[in-house]
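Before any comments, here is the structure.
In the UniProt record's numbering, the protein residues as written are 1 to 270.
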């Protein structure tokens with residue numbers, strides 16, 4: 001047993017500290033009652049370390065009761081709405097920093113893929129005009145922003161356009177990906193978790209992401225810290241499928257350590 005599980009139980013009604021199952025039951029009850037749970041607040045309330053609470057949340061996540069997010073967790077009963085690209089204004093500075101950091105991963109020449117998403121869109125807007133690139137994308141905004149640059153050959157996948165992401169999905173897009181060999185793919189995600197892998201709320205998006213992973217020699221994931229530890233409905237890959245993860249300084253250091261141990265290089269954008 002961990003020290004926090006056995007030493008002087010001080011948090012019960014009789015002044016005792018809780019055992020791990022009792023602590024996790026209280027954490028889950030709070031998450032369900034308030035719609036979320038914050039690591040720092042619960043650690044102070046239960047008089048244990050934040051690391052102990054993070055371990056409790058990992059156990060609850062593995063059991064399917066919560067979904068971890070940066071700094072805490074959400075109960076699985078809470079509905080997570082997928083926002084449109086135009087509405088994704090949260091973490092704007094972090095996304096810009098991540099996109100700037102990702103420029104170092106862009107080759108001088110060759111074929112790259114830029115996936116639909118708010119952070120990947122920032123990268124598309126920053127691509128240097130003097131590089132001769134074939135840019136393949138399922139993002140209509142990215143295609144429009146790049147098509148006028150003379151050194152770029154811009155190719156879209158075709159297929160159904162999702163109103164939420166303005167990204168092309170479906171059988172036409174998947175058919176195009178089957179014919180491609182891409183040097184570097186720049187991907188976004190709704191969640192990345194060591195235990196649950198790479199996840200997204202939409203099944204059609206998950207199919208596209210799986211196909212991109214298969215046809216790209218290198219996969220670079222752009223994910224702000226709110227995505228670290230988060231879990232969405234559809235799993236499309238493992239953490240080890242990613243060669244490089246670029247996130248921001250708001251990510252929990254213990255999460256970064258676990259992600260690095262799972263395989264990818266992790267870069268922190270400043």
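We put the CB at the ideal spot given by N, CA and C, even for glycine.
Given residue 170, which residues of its chain have a CB within under 7 Å of its CB, disregarding the five upstream and five downstream residues? 159, 160, 204
Give me the Cα-Cα distance between residue 49 and residue 55, rounded to the nearest whole angstrom. 10 Å
Relative to the alpha-carbon of residue 39, which residue among 173, 63, 72 has its alpha-carbon at the smallest distance? 72
In three-state terms, what does DSSP make of residue 9? Low confidence applies here, because residue 9 scores a pLDDT of 40, under 50, leaving its location unreliable; read the following figure in that light. Reduced to three states, the DSSP call for residue 9 is coil.
Anyone know if the C-beta pair for residue 173 and residue 208 falls short of 8 Å? yes
For residue 225 versus residue 241, is the C-beta distance shorter than 8 Å? no
Tell me the residue span of the beta strand (DSSP E) that contains residue 97. Segment 92-102 is the alpha helix (DSSP H) holding residue 97; no beta strand (DSSP E) there.
Checking 8 Å against the spacing of the C-beta atoms, do residue 164 and residue 216 come in under that value? no
Which runs of the beta strand (DSSP E) fall wholly inside the region 93-163 and span at least 3 residues, in chain order? 109-114, 132-137, 152-156
Pull up the distance between the alpha-carbon of residue 265 and that of residue 239, whole angstroms please. Each residue's alpha carbon lies about 11 Å from the other.
Helix, strand or coil for residue 246 per DSSP? strand
With the cut-off set at 8 Å, would you say residue 195 and residue 61 are in Cβ contact? Closer than 8 Å, so yes.
Simplified DSSP assignment, three categories, for residue 189: coil
So, at 7 Å on beta carbons, what are the nonlocal neighbours of residue 105 in its own chain, with the 5 sequence-adjacent residues on each side left out? 184, 220, 244
CA-CA distance, residue 117 and residue 18? 43 Å
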